[in-house]
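J.:
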Amino acid sequence: MRFLDHGEPDVFRNLALDDALLYDAEEHGTGPLLRIWHQPTLAVVLGASGRIGADVDVDRCRADGVTIARRSSGGGTVLIGPGVLQFAVVLPIASSPEYGAVDRAQKSVLGRCADSLNALLERNVPRLEVLGSADLAIAGRKCSGSAQRRLRDWFLVHASLLFDFPIELVSRYLKLPERRPAYRENRSHEEFLTNFQRSREAITESLRSAWAAAAEPTSVPDRVSDRAKEIVQSKLSRPEWIDRL
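The sequence shown begins at 958 in my numbering and counts up by one.
1) Hey, how far is the Cα of F1120 from the Cα of H995?
2) Taking DSSP's pairing of strands, which residues face K1099 in a bridge?
3) Please list, in chain order, all residues of the same chain as L1126 whose beta carbon is under 6 Å from its beta carbon, the five residues on each side excluded.
4) Taking DSSP's pairing of strands, which residues face P1049 in a bridge?
5) Across the segment 1099-1108 and the segment 1022-1033, are there enough close Cβ pairs to call them in contact, namely three or more that are closer than 8 Å?
6) Quick check on the burial criterion: 16 or more other C-beta atoms within 10 angstroms. Buried or exposed for R1027?
7) Can you look up L974 in the DSSP assignment and give me helix, strand or coil?
8) Does A1071 pass the burial test, meaning 16 or more other C-beta atoms within 10 Å, or should it be called exposed?
9) With a threshold of 6 Å on Cβ separation, who are the neighbours of P1039 within its own chain once the five nearest residues in sequence on each side are excluded?
10) Of the choices P1123, F1149 and L1048, whose alpha-carbon is the least far from that of P1134?
11) Is G1089 closer than 9 Å to R1141 when the C-beta atoms are compared?
12) DSSP state of W1198, grouped into three classes?
13) Could you tell me whether the segment 1076-1093 touches the segment 1157-1164, where touching means 3 or more Cβ pairs closer than 8 Å?
14) Taking the alpha carbon of T998 as the point to measure from, which residue in W1111, F1044, G1022 and S1006 has its own alpha carbon closest?
15) Along the chain, where does the alpha helix (DSSP H) that runs through R1017 open and close?
16) Give, in chain order, every unbroken run of the alpha helix (DSSP H) that is at least 4 residues long and sits entirely within the segment 1132-1182.
17) From I1009 to A1096, what distance separates their C-alpha atoms?
18) Tell me, to the nearest whole angstrom, how far the beta carbon of A1170 is from that of R959; I am working on the premise that it is less than 8 Å.
19) Per DSSP, which one or two residues make a beta bridge with V1087?
20) Looking at the structure shown, is Q996 part of a helix, part of a strand, or coil, going by DSSP?
21) Sorted by chain position, which residues of the same chain lie with C-beta nearer than 8 Å to E983's C-beta, five sequence neighbours on each side aside?
What follows is the structure in structure tokens.
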């Protein structure tokens, strides 16, 4: 598996690069890939079907200069930025029987990541586990949310992992979601969320090991970079996409 440790300067270009890498695998057969990236500034990211008025305190985001974006995949609304590690895995659907269905593929990918990350924890402490449809949690508290996008032959799972994030900021910019996993019950953001308290470097190496990804990072091909720019201009940065729901 190829390994890409690469972030872009803004959230639109970062989200578009995940899309472009998936398209490139589908169209050019470039092979499986693990990407790690970090968003340098705070940003709110809605899922493709997220409702901006229900999920986001839009006025406060605008007043504080927090960018609001919408990704192409599903899943819930998240606040990302420094202290959150983003990772994406691009895989061929035919490479495992579990990848044929959305829910089984999601749990398989997240479970593999959790197994590797748990090796970073001391004995006799709570372990990471897959809860809900797309979360990683420790002792019932969420530290990672994820989403999936599928094409004909390839699919993408991308996730946000809190490791050193000021949890109190989440309630400043995000409302309580209307749709909540049962394990959340009625907990506030502060009561529900937690950090996976390990270093960015240790988490990155653990994920690379989980997927047997190459030790040396690859680079972004020009055609992928050009495709990402086109996705930003034609879709992800456009108000009619961000505000559509």
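No residue lacks a Cβ here, since even glycine has one placed at the ideal position from N, Cα and C.
T.: Per the coordinate set shown:
1) Each residue's alpha carbon lies about 12 Å from the other.
2) A1094 and L1150
3) none
4) W1111
5) yes
6) Under this definition R1027 is a buried residue.
7) helix
8) buried
9) none
10) F1149
11) In contact: R1141 and G1089 (Cβ atoms closer than 9 Å).
12) helix
13) yes
14) G1022
15) V1015 to D1021
16) Within the segment 1132-1182, the complete alpha helix (DSSP H) runs of at least 4 residues are 1146-1149 and 1157-1167.
17) Distance between the alpha carbons of I1009 and A1096: 30 Å.
18) 7 Å
19) L1093
20) coil
21) L1108, R1109, D1110 and W1111
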